[in-house]
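Undergrad: Just passing along the structure, written as structure tokens.
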Amino acid sequence: MTAARPDGLPPLVDHHCHGVIRHHPAADEFEGFLTESDRPAAPGTSYLDTQAGFAVRRWCPPVLGLPPHCPPADYLARRAEIGPDEARRLLLTAAGIGTYLVDTGLPGPLTGPAETAESGGGTGHEVVRLETLAERAAQHAASAEEFTDALARSVREAAAHAVAFKTVAAYRHGLALSAHPPGRDVVHAAARAWLAAGPDRLTDPLLLRHLIELAVATGLPLQLHTGFGDPDLRLHHADPSLLTDFVRATADTGTPLVLLHCYPYHRQAAYLAAAYPHVYADVGLTLGHTGAHAAAVLAEFLELAPFGKLLFSTDAYGLPELYTVGSAVFRTALRTVLDDWTHHGAWSYEDAARVAALIAAGNARRLYGLGDGP
Amino acid sequence: MTAARPDGLPPLVDHHCHGVIRHHPAADEFEGFLTESDRPAAPGTSYLDTQAGFAVRRWCPPVLGLPPHCPPADYLARRAEIGPDEARRLLLTAAGIGTYLVDTGLPGPLTGPAETAESGGGTGHEVVRLETLAERAAQHAASAEEFTDALARSVREAAAHAVAFKTVAAYRHGLALSAHPPGRDVVHAAARAWLAAGPDRLTDPLLLRHLIELAVATGLPLQLHTGFGDPDLRLHHADPSLLTDFVRATADTGTPLVLLHCYPYHRQAAYLAAAYPHVYADVGLTLGHTGAHAAAVLAEFLELAPFGKLLFSTDAYGLPELYTVGSAVFRTALRTVLDDWTHHGAWSYEDAARVAALIAAGNARRLYGLGDGP
Amino acid sequence: MTAARPDGLPPLVDHHCHGVIRHHPAADEFEGFLTESDRPAAPGTSYLDTQAGFAVRRWCPPVLGLPPHCPPADYLARRAEIGPDEARRLLLTAAGIGTYLVDTGLPGPLTGPAETAESGGGTGHEVVRLETLAERAAQHAASAEEFTDALARSVREAAAHAVAFKTVAAYRHGLALSAHPPGRDVVHAAARAWLAAGPDRLTDPLLLRHLIELAVATGLPLQLHTGFGDPDLRLHHADPSLLTDFVRATADTGTPLVLLHCYPYHRQAAYLAAAYPHVYADVGLTLGHTGAHAAAVLAEFLELAPFGKLLFSTDAYGLPELYTVGSAVFRTALRTVLDDWTHHGAWSYEDAARVAALIAAGNARRLYGLGDGP
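Residue numbers (our numbering), protein chains in the order written: chain A, 2 to 375; chain B, 2 to 375; chain C, 2 to 375.
Below, the structure written as structure tokens:
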């Protein structure tokens, strides 16, 4: 079990992350996991020359016994020597994460929640991606009715074991979701059209809204991708303030909404978390990708967001290094921000320690019903 | 009369604020005034755990003879002991505000401009909220014609004693105001429809635009709510850059436009203040609500905005504590920013002191015609 | 030839700038060049009281032998004494720029690329503004066909000697450019309408998109104005994320897109540079206009943008002082940011020096094919 660190934080709850690869990555595969882009880096440039790349170079070599900022080739050579299993164990253990909430909706041979958590000495839970459920249901459905029945059933079944749902509607349509879920006939018509087209990627806004309503009805926290991500996104369509009508419509359902990532609209997300009791915001991905400047970004989250509403995550995917980095950058940024505010007397030390523990773990424990912790 | 402070600032001009309650608030009422939300805090959280809450805990206990950051219950107990009148006097006097421009458009038994100012040893003036004028005129109007006549008269009458008008069109419709005010017939038709529906909250964009035009015609500064506020708002509809067409249409009227709050679009507001001579921007509310990080936000206002265009306010409402905090956070943020810039030689000390006095009081004195000050 | 500075940076490549005046400016003309506004400053205010004004007062007097922050009148008096040619030579030499990429599309008797560069001891190249080409072609065209032929020819001819094209479509229509260029008939119809109206300022979105397509086809880097600028702009229409469809449509052309200025949407621009290999972002204009706070803004650019994708510029126009200031503010901001990150161990010193040289010159040399430098 993961113990408290010298920085005083309890074992972290990583409330949004993904599985990692089990093999040793070649240099270009390794570099590819450091970017949200889906293409090779521009001529003469490298994705290692980013905040994410520099953060990996700072935090990971010491875990494998090398000096920080050593040449990437040295790091990869040592990593190959150690082997992928031991590297994963070392890198995840270094992260000090006690609880992993793993989004299992990505394809590929990645570690699952239990396997991921075990490598880091923690506990795993599943976050179920809604669009993946829908796309699976569509593959086996002979009619729109069969599809909607199967979908409702699979959301109900998932709710029985998952700790949260996640939607990537931001990628598929954008966040200007209607306040009102579509009626039965409208859903059937949309499903019919989608099935007829040979269903693959779900992008129909009516079906997306219907799917989200099914999830809201379960009462489980709903994680929504907002802000930056893969190029498969119009950034301004992922501004969380576009969710306002949807947020108002769900205010009395008792279902918490968790805005993931948020950047560069994190101040907007923090406003929603301040204005609506059921809205929460995630600081992960953003901190790992802003690296050396993460403290400034975290401080911006902390301008308007109530301190009981912010949640740590790594959004790690593919490379175990991203767990190490997500945790280390978060710890460093949090300490930098709170040292500054306590040093100037704006916050008391007691309050700073309490808020740090909330963001690191306490808020997620309360929100996802994880109990009092390890 | 309020004298200059050890920080060298003249008595502040609070160019946008509200009345305060006269009774001792219970704990939950107290907490409710610290948030822009209209609902109880989420389970397991408190609105005291926000920058605004921590700022109150830092700045107000010492005014009542308690240590900063003492437990909220201790503070409220001492406050009850002292009584609401003396607490108000102490808290407002501590703010060092010489002139209060009070928006009187909020309902409830709040102190008026003179009473508010007297508690703090300053002078009060009235800012008249346009939508309140319209809603009052509608209550007594038997026809659209009677309504528009009464409205025109009440705007004219208000202009005779007010120092500024204020509009909350951002809440009612959003800031994408037409460049062109609607014609007489269109206004009458819209008024007829509104009156027929049983006029309460004015949300019709034509009537809002007409109302604003009446205010612009008086030549008094027009304060416009922009940026964050109550949940009764779509944040992205309150982006001040949406005002561009309206700003251009009023550029030659001689009527100043004052963008209130602005956050998180304060850089956009600062741009408008840089690009258009008749546009000004307010740093209040935003600083009080961003607390320990207010210096960073103030510095962002100061990126593009000409220094003759920024105005201090508290936007205090309900609690006299919000005057104390608004003033203290502003003073601290301003000193932090200017110390940094003078320390590194980017600004001279003389310029820094001059700009500080402009934002604290001088710009508002010039803009609202308040004379040379106490 | 310009040599490396004590700060270790190579001679800068200013990848986007303009010519300067040859005469001595009167005080009001001087002040007018410090703002993006096209009107006199508001009553009681001065455009010298801005970050740009304070930056000029910090950096330029020492170049002419006066103390920093001396009264503007003293500075202008000394400048008159020295004469415009010598002042230009001193101010440009102080900038330490080795290569000037000059946008020649602005009217007025300004220095051209060679003359500008010569004053600073550097080399000049031309950036051709597309809308100026189109407006010139329209003046001599008797028919839509003649116009489109002449336009295609002039873009081709310009490509033979220019290092890049530039578009100000953000001003003329906004950045929501169609992914698809219009067909021949549509272009002819739009050209016919424009010519019939007596062509002056090109604002037709179809013609703008056609013009941009001609430039993209040449393979030369295309600079796009994004973010703030003259009042002749709706700021929110200049958000670079509006370019997403266009960016995707050009991803396989091999033509680099360079997002100019970007502020206050520089985080959005940095995201595009991270997500799409052919997108680059410019930190100029923004840094000069944010002056004492430029380090914070530069750090925001450096959050998501790959370090091989950011480019220095001054966007200097009219006053040679703006070259001095653009360079000095950039150097200071860069040093401030990198000192902080290396000091805290987030970056190694070697990496910091390498990245600094990339942004200062290396990225532009690679992108514009300028060879290995002076």
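All C-beta atoms in this analysis are idealised placements derived from N, C-alpha and C, irrespective of residue type, glycine included. Small disclaimer: the values here were computed from a predicted structure and weren't measured.
Of all the CB atoms in chain C, is at least one closer than 9 Å to the CB of residue 347(B)?
TA: It does; some Cβ of chain C falls within 9 Å.
Undergrad: So residue 302(A) and residue 280(A) are supposed to be a Cβ contact under 8 Å. How far apart are they, rounded?
TA: Not really, about 13 Å apart at Cβ, beyond 8 Å.
Undergrad: I'd like the ranges of any beta strand (DSSP E) spanning at least 3 consecutive residues and lying wholly in the region 151-220 of chain C.
TA: Whole beta strand (DSSP E) segments, 3+ residues: 165-168.
Undergrad: Could you work out which residues of chain C lie near residue 55(A), taking near to mean beta carbons separated by less than 8 Å?
TA: What residue 55(A) touches in chain C: 347, 348 and 352.
Undergrad: Does the CB of residue 235(A) have a neighbour CB from chain B at under 9 Å?
TA: Judged by the 9 Å Cβ criterion, residue 235(A) is not in contact with chain B.
Undergrad: Should residue 227(A) go down as buried or exposed, given a rule of 16 or more other Cβ atoms within 10 Å for buried?
TA: Classification for residue 227(A): buried.
Undergrad: Beta carbon of residue 319(B), beta carbon of residue 288(B): below 9 Å?
TA: Not closer than 9 Å, so no.
Undergrad: Could you pull the DSSP bridge partners for residue 98(B) from this structure?
TA: Looking at the DSSP assignment, residue 98(B) forms a beta bridge with 13(B).
Undergrad: Could you name the residues of the same chain whose beta carbon sits closer than 8 Å to that of residue 261(A), not counting the 5 residues immediately before and after it, in chain order?
TA: Only 17, 167, 224, 225, 226, 227, 228, 283, 285, 286, 314 and 316 meet the Cβ criterion.
Undergrad: Check each residue of the region 35-53 of chain A: if its Cβ is closer than 8 Å to any Cβ of chain C, include it; give the result in chain order.
TA: Residues 36, 37, 38, 40, 41, 42, 43, 44, 45, 46, 47, 48, 50, 51 and 52.
Undergrad: Give the interface partners of residue 69(A) over in chain C, defined as CB-CB distance under 9 Å, in chain order.
TA: By Cβ distance, chain C contributes 346 and 349.
Undergrad: When you compare only the Cα positions, how much space is there between residue 24(C) and residue 109(C)?
TA: Between residue 24(C) and residue 109(C), the C-alpha separation is close to 12 Å.
Undergrad: Is it buried or exposed for residue 8(B), if we count other Cβ within 10 angstroms and need 16 for buried?
TA: Exposed: under 16 other Cβ atoms inside 10 Å.
Undergrad: Output, in chain order, the set of chain A residues within a Cβ distance shorter than 7 Å of residue 292(B).
TA: By Cβ distance, chain A contributes 347.
Undergrad: Express the C-alpha separation of residue 37(B) and residue 118(B) in angstroms, rounding to a whole number.
TA: Spanning the two alpha carbons is a distance of roughly 24 Å.
Undergrad: Which partner residues does residue 319(A) have in the DSSP bridge list?
TA: Residue 319(A) is bridged to 21(A).
Undergrad: Just the C-alpha distance for residue 134(C) and residue 359(C), rounded to the nearest angstrom, thanks.
TA: Their Cα atoms are separated by approximately 32 Å.
Undergrad: Are the C-beta of residue 273(C) and some C-beta of chain A separated by less than 9 Å?
TA: Judged by the 9 Å Cβ criterion, residue 273(C) is in contact with chain A.
Undergrad: Below 8 Å, how does it come out for the region 338-353 of chain B and the region 47-59 of chain C: are there three or more Cβ pairs, yes or no?
TA: A contact exists between the region 338-353 of chain B and the region 47-59 of chain C.
Undergrad: Would you say residue 277(C) faces chain B, with C-beta separation under 9 Å as the test?
TA: Chain B contact via Cβ: absent.
Undergrad: Extract the residue ranges of the alpha helix (DSSP H) inside the region 225-290 of chain C, only unbroken runs of 4 or more that lie entirely within it.
TA: As far as the region 225-290 of chain C is concerned, its whole alpha helix (DSSP H) runs of at least 4 residues are 245-250 and 267-276.
Undergrad: Would you list the residues sitting across from residue 104(C) in a DSSP beta bridge?
TA: Bridge partners of residue 104(C): 128(C).
Undergrad: Find the nearest neighbour of residue 94(C) within the set 200(C), 64(C) and 369(C), judged by alpha-carbon distance.
TA: When each option's Cα is compared against that of residue 94(C), the closest is 64(C).
Undergrad: Let me check one thing: in DSSP terms, what residues is residue 223(C) bridge-paired to?
TA: Beta-bridge pairing links residue 223(C) to 166(C) and 258(C).
Undergrad: Would DSSP call residue 311(C) helix, strand or coil?
TA: Of the three classes helix, strand and coil, the one that applies to residue 311(C) here is strand, per DSSP.
Undergrad: If you draw a straight line from the C-alpha of residue 1(B) to the C-alpha of residue 130(B), how long is it?
TA: The requested residue 1(B) is not part of the displayed model; chain B covers only 2 to 375.
Undergrad: Is the CB of residue 297(C) under 9 Å away from at least one CB in chain B?
TA: Taking Cβ atoms only, chain B reaches closer than 9 Å to residue 297(C), which makes this a yes.
Undergrad: Taking only the alpha-carbon atoms, compute the straight-line gap between residue 15(B) and residue 246(B) and give it to the nearest angstrom.
TA: Taking the straight line joining both Cα atoms gives about 29 Å.
Undergrad: According to DSSP, is residue 48(A) part of a helix, a strand, or is it coil?
TA: The answer is coil: DSSP assigns residue 48(A) none of H, G, I, E or B.
Undergrad: Tell me which residues of the region 220-232 of chain B have at least one Cβ-Cβ distance to chain A shorter than 7 Å, keeping chain order.
TA: Answer in chain order: 229 and 232.
Undergrad: What's the gap between the Cα of residue 155(B) and the Cα of residue 139(C)?
TA: About 54 Å.
Undergrad: Run the CB neighbour count on residue 309(A), radius 10 Å, all protein chains shown included, and call it buried at 16 or more, exposed below.
TA: The residue is buried, with at least 16 neighbouring Cβ atoms inside 10 Å.
Undergrad: Could you round the C-beta distance between residue 369(A) and residue 165(A) to whole angstroms and report it? I think they count as a contact, below 8 Å.
TA: Indeed they touch by this definition, with Cβ atoms about 6 Å apart.
Undergrad: Should residue 356(B) go down as buried or exposed, given a rule of 16 or more other Cβ atoms within 10 Å for buried?
TA: Counting Cβ neighbours within 10 Å, residue 356(B) comes out buried, since at least 16 surround it.
Undergrad: So with Cβ pairs under 9 Å, would you call residue 149(C) a contact of chain B?
TA: Taking Cβ atoms only, chain B never reaches closer than 9 Å to residue 149(C), which makes this a no.
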